[in-house]
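Going by our numbering, the sequence shown opens with residue 82, and the numbers climb by one from there. Each residue gets a CB set at the ideal place from its N, CA and C atoms; glycine is no exception. Every value quoted in this text rests on a predicted model; they were computed, and no experiment measured them. What follows is a single structure, written as structure tokens, with notes after it.
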Amino acid sequence: MPDTPIQQGVFQRFLTTLHVDYQGPMRKALGWLLLLVVVQFVAVLWPETPGFNGIPYYLELHALMEVISVVVAAMVFAVAWSTRIKGFSASFTALAVIFLAVAVLDFAHTLSYVGMPDYFSPNQGDKHLNFWMGARLLAAAGLLIIALRPWKRPLATRQKYTVLTGLLVIVIGWQWLVINYPDHMPQWFVAGVGLTPLKINTEYLIIALNVLAAAILWQRMQAPQPFHVVALFSAVCVLAMSELFFTLYSTMHGAYNVLGHVYKVIAYVLIYRAFVVEAIERPYKDLEIAQQTLKQEEVRFRRAVEAAPNAMLMVDDTQTIVLSNTRSDAMFRFKSGQLVGTKLDTLIPDSMRHKHREHIQTYLASPADRPMGQDRFLYAKRHDGELFRVEVGLTPLTIDNRTFVLASIVDITSRLEAEARIEKLIYYDTLTDLPNRQLLKDRVNQLVTAARQSHNLIALLYVDLDRFKNINETLGHNVGDQLLVDVARRLTRTAGDEATVARVVGDEFAIVASLPHAEDAARLARLLLANISNPYKVGAHHLTLTPSIGIALYPEDGADFDTLMKSADMAMQLVKLEGRNDFHFFAKEMQQRTSRMLNLESALLSAIDNNELQLVYQPQVRISDRKVIGVEALLRWHHPEFGQVSPAEFMPIAENSGQIITIGAWVLKTAAAQLKQWLAQGHAPMIMSVNLSAIQFRHPNLTGLVDDILAKTELPPEYLELELTESAAMLNPDHAIRIMQTLHKRGIRLSIDDFGTGYSSLSYLKKFSIYKLKIDQSFVRDIATDGDDRAIVSAIIQMANSLGFHTIAEGVETQAQLDYLRTQGCDEIQGYLYSKPLPAEALSQWLIANRTEA
């Protein structure tokens, strides 16, 4: 409700000058003071009657009221002198001493009153008033000093006793003077007349001192005070009103005297309330406040624990959980509040409890903050028994001389899993799960460090999968990726647990192991060759792979990872240049050979443009009538600097560098054009046989290239025969079948070169749309003398006949070889027995010379 005009008056504005803590109590106090003022006003206006100036039993009533005043004053001294309460310092001590003196003087006044037994001298005249006025002046002056003095200024023990001694000397001296020299004392009252002017004026002085003290206390109430300032303000106001009564009486037994003593008792009670009760209640209030504060702090602490982002547990010195939050309940899968009262051991795995107790005892003996992030990763146990990893931060707390530990707990399972995933991404190949190059380097460096002490040998095997690129290009990366995974498994099984198998890049792997002897590295390489070369089944595809392996040894081939890798890679490259599917140890001279290979690779790029490449042709003769039925186109390279470069040397370079596609197209085009020219010159029809590398065979545009060349050269497709090695055909038989069928439908002949040197499946061989099997010269060379070779050749011819294939033997150089092949039913031969490979012009002349028969 809005304030009324009265509430907005001067009185209300006067109260608002006080501190807000005092406005309410002061409003009540002023109400009571106003009531006392009204009573005093009524008493002053009350007409004097005989009963008004002669109160029955006044002496007894006076003694009772004075005894109350003395007791209250003595209690003020006793409490104020002995208290040690913070905030009740020098002023409280001064008050104690002053009111001790007041109590002594009031006690002397009581005993000296006329009608009481004599107090050391006859109780007559103004004897009791001398004690009275001394007590009143001392009380008024003391309260004014209390109001003026800074409340918290300290007072030393010596100062306390000095003030006490000084006042006691003054009080005792004053009593001695009053008792022994009554005639020298001032006159305060004249019987039958009333109060003397001295008495009245002195009372007014006392009133003024009290009013001044009240004004000062009012001013001090504008800020919080460490004592009951409202009660003290009320007390000095009532004392002022009390002294006013003592300026009005005309008899010692009248109503004004009684009312003055009543007001005095009220004032003393207020002083008792202001100091004594306050001093007694203050410790309990402080305790209550402390308890409330403690409860509030506990509530705040519990709220903070509950709101903490981590699971929180508070454990006492008996390792019992005394506090938990919701997150800890959820983390350990306990019901809400169920953790409290539980032993900490419950959350520790059984196998770790003993060690954990030792750690706890050690920690409690010297507790200290242990923040998060110091690698204190522990195992904890959930309520259902599940173990998980946690990180713990510890904060020791001392409460009531007991040590507690506040534990902040984080479930780091997800974090460790994330770190493991990150580490796997950093150090492991995502496809094969093998260590990557970075982790391989670390493992090699570790082995090298250990080998420097143990003098062990370290073998680094660099494994490259031959022609793997062809599989990716023809069958797609999904098939290639699965094949890499299968290869990785075989490598791991073959190498064993003591070795590290890593995927370096693409289709290149590395194996590092500490081995007793170099021969152990060779033995491992042989196992790898055998296991990797076994057929693979990827989906519907049956595939074969061969590896090229280079081996470097520590310390002779390198003392660090990079050097060992370079040496092993160089040895592996040499294997590829020499035909693949083998292994080589690194040798110093390999650097020179590798340098030559790099130079050849560079020179080969411009070989076509510089007209350095040449085709030579070797006749193919039918055994039955010795008629030339075809020629095989063979590539030669003559370089101005390197001279005549062997096909065995430059063809692997062409295949590995990818130049075989361009060179192969040139060979095919040149051979087709040459045959077309021979036919135009009148030579008898014959077949032009051209070799295809595995890379060419798997090129997606092979059929388009053949069609384009045949169209441009106008060579009928039945005059072209494409030779494919057995291993190239079996690398991906399903793909080979599709390509062969496509070429066969175009009328192009297909043959398998070097038959018997690779791995063939009869089930696939039957599906190949081939015309001819070429028996490799390695079997033909010794058939006149070697029974095994003769048996192999015979078996190949018989198998070909049963499948409906023609056969041709290459490398025939002697009549004995020819005779044996004829007896076994071989269809055709090729070799130096009839002619070496010849340039086009020379072969043309040879054909003319052997037109009838070879």
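Report yes if the C-beta distance between residue i and residue j is below 8 Å; otherwise report no.
| i | j | result |
| --- | --- | --- |
| L340 | A124 | yes |
| V311 | A295 | no |
| L919 | Y698 | yes |
| I744 | I689 | yes |
| M646 | S629 | no |
| D789 | N662 | no |
| V403 | M395 | yes |
| T581 | R524 | yes |
| I632 | H665 | yes |
| P448 | V486 | yes |
| Q822 | S859 | no |
| M769 | G711 | yes |
| F122 | A154 | no |
| E682 | S648 | no |
Residue i: buried (16+ other C-beta within 10 angstroms of its C-beta) or exposed?
| i | result |
| --- | --- |
| E804 | buried |
| N391 | buried |
| S489 | buried |
| T85 | Because the pLDDT at T85 is just 46, under 50, the model does not fix this residue reliably, and the point stays unresolved. |
| N615 | exposed |
| A531 | exposed |
| P728 | exposed |
| D834 | buried |
| A348 | buried |
| T374 | exposed |
| T751 | buried |
| E586 | Note that residue 586 is Val in the sequence shown here, rather than Glu. V586 comes out exposed. |
| N813 | buried |
| V148 | exposed |
| G454 | With a pLDDT of 46 at G454, under the threshold of 50, the modelled position of this residue cannot be trusted, and the question is left open. |
| F188 | buried |
| G215 | buried |
| L248 | buried |
| P305 | exposed |
| Y460 | exposed |
Taking the alpha carbon of residue i as the point to measure from, which residue in the options has its own alpha carbon closest?
| i | options | result |
| --- | --- | --- |
| P263 | L681, E682 and S193 | S193 |
| T784 | Q758, A817 and K853 | A817 |
| N680 | L245, Q926, P721 and M266 | P721 |
| T427 | F731, V893, D863 and H464 | H464 |
| A998 | D578, L542 and I503 | The requested residue 998 does not occur in the structure, where the chain is confined to residues 82 to 935. |
| G906 | F886, G912, Q673 and Q777 | F886 |
| K713 | P198, L773 and K657 | A small correction: the amino acid at residue 713 is Glu; Lys does not occupy that position in the sequence shown. The option with the nearest alpha carbon to E713 is L773. |
| G660 | R677, A735 and V101 | A735 |
| Y285 | R862, V259 and A321 | A321 |
| V152 | T476, A182 and I260 | A182 |
| E891 | M146, Q755 and D857 | D857 |
Does any heavy atom of the ligand ATP sit closer than 7 Å to the C-beta of residue i?
| i | result |
| --- | --- |
| T174 | Among the ligands in the structure shown, none appear at all, so the ligand ATP cannot be discussed. |
Whole angstroms are fine: how far does the CA of residue j sit from the CA of residue i?
| i | j | result |
| --- | --- | --- |
| H190 | A175 | 22 Å |
| H143 | F212 | 15 Å |
| Y840 | K505 | Annotation note: pLDDT 48 at Y840 (below 50); position unreliable, coordinate value reported separately. Their backbone Cα atoms lie some 38 Å apart in a straight line. |
| L608 | A591 | 15 Å |
| Y139 | P278 | 25 Å |
| R717 | M732 | 10 Å |
| G196 | Q300 | 44 Å |
| V593 | I910 | 48 Å |
| A935 | Q896 | Bear in mind that the predicted position of A935 carries a pLDDT of just 48, short of 50, making it unreliable; the figure below should be weighed with that in mind. Rounded to whole angstroms, A935 to Q896 spans 13 Å at the Cα level. |
| A640 | I539 | 10 Å |
| V157 | V178 | 9 Å |
| P267 | I281 | 13 Å |
Where does residue i fall in DSSP's three states?
| i | result |
| --- | --- |
| N772 | strand |
| S489 | strand |
| M214 | helix |
| Y915 | coil |
| F158 | helix |
| T644 | helix |
| W269 | coil |
| M322 | helix |
| Q905 | helix |
| V195 | strand |
| H437 | helix |
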